[in-house]
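Notes follow the structure.
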């Protein structure tokens, strides 16, 4: 009887130990998957932000070229029109129109973080606040202003040219 109880006790401990080890391994696998997912999301966010930065710098350069061309156009005397060849004039107008370039930020990764409640993976509170400010406020503001800028270039520029050079 003692042998039977001892054997049963050992089997019980072996099963309990097996279940405990199995649960521990499952927990570690889950933690590893979460860490891998977190790392992947943050890496994707970094790539997305770097692409947006590169694209924004291109747009900024185009706007600077446009502003310089606009300044030339505004200070340009009507008497000097005959001195410009058509190629220079075309380049000037092309450069002016560069200002109507639009920025189209990549929202995909950010929206995934927000919609899947994965912003919690970003431990740096300052970074979280800056991301929210960028995507939820600054980009939204830009999206609202962009059509106004486009309309200015499409309609107001024509009126300006007709009034000053027509």
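Residue numbers (this note's numbering): 1051 to 1216.
Built from N, CA and C at the ideal position, the CB exists for glycine as well.
Bounding residues of the alpha helix (DSSP H) (the contiguous stretch that carries residue i)
i	result
residue 1136	1136-1147
residue 1129	That residue, residue 1129, is in no alpha helix (DSSP H); it is neither H nor E in DSSP.
residue 1192	1189-1201
Three-state class that DSSP yields for residue i in the structure shown
i	result
residue 1166	coil
residue 1174	coil
residue 1183	helix
residue 1156	coil
residue 1151	coil
Check whether residue i and residue j have beta carbons under 8 Å apart
i	j	result
residue 1171	residue 1092	yes
residue 1119	residue 1146	yes
residue 1116	residue 1148	yes
residue 1151	residue 1112	yes
residue 1169	residue 1180	no
Cβ pair count under 8 Å reaching 3, the stretch 1101-1111 against the stretch 1153-1166: yes
On the three-pair Cβ rule with 8 Å, is the stretch 1160-1177 touching the stretch 1076-1096? yes
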